[in-house]
Amino acid sequence: MPTPHNAAQMGDFAKTVLMPGDPLRAKFIAETFLGEARLVNNVRGIQGYTGLYQGVPVSVMASGMGMPSIGIYSYELYSQYGVENILRIGSAGAISSKLKLRDVVAAQGACTNSHFAHQYGLPGQFAPIADFTLLETAVGVARAMGVEMPVGNLLSSDTFYDASNSTMKWAEMGVLAVEMEAAALYMTAAKLGKRALAICSISDSIVTGEELSAADRQTTFTTMMEIALKTAVQMEGK
7 MPTPHNAAQM GDFAKTVLMP GDPLRAKFIA ETFLGEARLV NNVRGIQGYT GLYQGVPVSV
67 MASGMGMPSI GIYSYELYSQ YGVENILRIG SAGAISSKLK LRDVVAAQGA CTNSHFAHQY
127 GLPGQFAPIA DFTLLETAVG VARAMGVEMP VGNLLSSDTF YDASNSTMKW AEMGVLAVEM
187 EAAALYMTAA KLGKRALAIC SISDSIVTGE ELSAADRQTT FTTMMEIALK TAVQMEGK
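Numbering (my numbering), first residue to last: 7 to 244.
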């Protein structure tokens, strides 16, 4: 049944959903890569499409920005629509000097300054991590494509404009880049017994000050998109 945030019917979403933050990126992926793509949700402009990639049903739907937003959409996809796998495909800001613009990174873990986990009443701190099967599959796909995809910790931050200017402290602990959604996705998947993985393209660098335009972020992250799509195909039988 439709939810307050999703007008799709049961069966409208595939087993695997790709989730960019930007609705326009979801539209670009559907129009560029998916055959027979159809719009299944557009509540609040959060576009969701389902189509075929290499003959396998795949969906793509925006998550919006931030952990509260992806928390809502991922929870509903997992719990109301039978989705098993969600791959976040977003942008991230490099805090490692080893990363350059358009590099693709996979989040084995997601550190966070968020209190998203407080809702679970845990007697300690939860460590949000990716599903290993999804991660292993994506790494294999990237390797087959000849893409070097660093794997490690990302920081999921609740603040884009950080008044404390403390983001680079995470780099001292080996964290690769900062984004705003992965930790909430990983926690939601863990709670519901589902699979999740975040794959991000480097859109800017806090180290060098370089950054891509909004238009480039919508349409030039095709390597990340293809890794995620090929991963979705391989996950169909898993």
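Cβ coordinates follow ideal geometry from the N, Cα and C atoms, glycine included.
All values derive from a computational prediction rather than experimental measurement.
- Straight-line measurement puts the Cα of ALA177 at about 36 angstroms from the Cα of GLU242.
- Short of 6 angstroms from the beta carbon of PRO134, and not among the five residues preceding or following it, lie these beta carbons of its own chain, in chain order: ALA116, ALA189, TYR192, MET193.
- Residues of the same chain with a CB within less than 8 angstroms of the CB of LYS244, apart from the 5 flanking positions on each side, are THR139, THR143 in chain order.
- About 10 angstroms separates the beta carbons of LEU40 and VAL62, which is beyond the 8 angstroms limit, so they are not a contact pair.
- GLY61 carries a coil assignment under DSSP once its states are collapsed to helix, strand and coil.
- From the listed residues GLY57, TYR167, ARG223, the smallest Cα separation to SER209 is found for ARG223.
- Boundaries of the beta strand (DSSP E) harbouring ARG44: 41 to 47, taken from the DSSP string.
- Put simply, the backbone Cα of ALA221 is about 18 angstroms away from that of MET67.
- If you compare the alpha carbons of GLN86, LEU105, ASN12, GLN15 with that of ILE212, the shortest gap goes to LEU105.
- Taking C-beta separations shorter than 7 angstroms and ignoring five residues to either side along the sequence, the partners of ALA20 in its chain run THR56, PRO63, VAL64, SER65, following chain order.
- In the DSSP annotation of this structure, the continuous segment of the beta strand (DSSP E) that includes ILE208 starts and ends at 201 to 211.
- Between the alpha carbons of VAL184 and GLY17 lies a gap of roughly 34 angstroms.
- ILE95 has ILE205 as its beta-bridge partners, per DSSP.
- Of the residues assessed, PHE166 falls on the exposed side of the cut-off, its CB having fewer than 16 other CB atoms within 10 angstroms.
- Per DSSP, the unbroken alpha helix (DSSP H) holding ALA196 starts and ends at 188 to 198.
- If only uninterrupted alpha helix (DSSP H) runs of at least 4 residues are considered, those enclosed by the segment 134 to 171 are 138 to 150.
- When only Cα atoms are considered, ILE92 and MET73 end up about 15 angstroms apart.
- Between the alpha carbons of ALA32 and GLY54 lies a gap of roughly 7 angstroms.
- Restricting attention to ASN48, THR226, LYS236, PRO29, the CA atom closest to the CA of VAL147 is found in LYS236.
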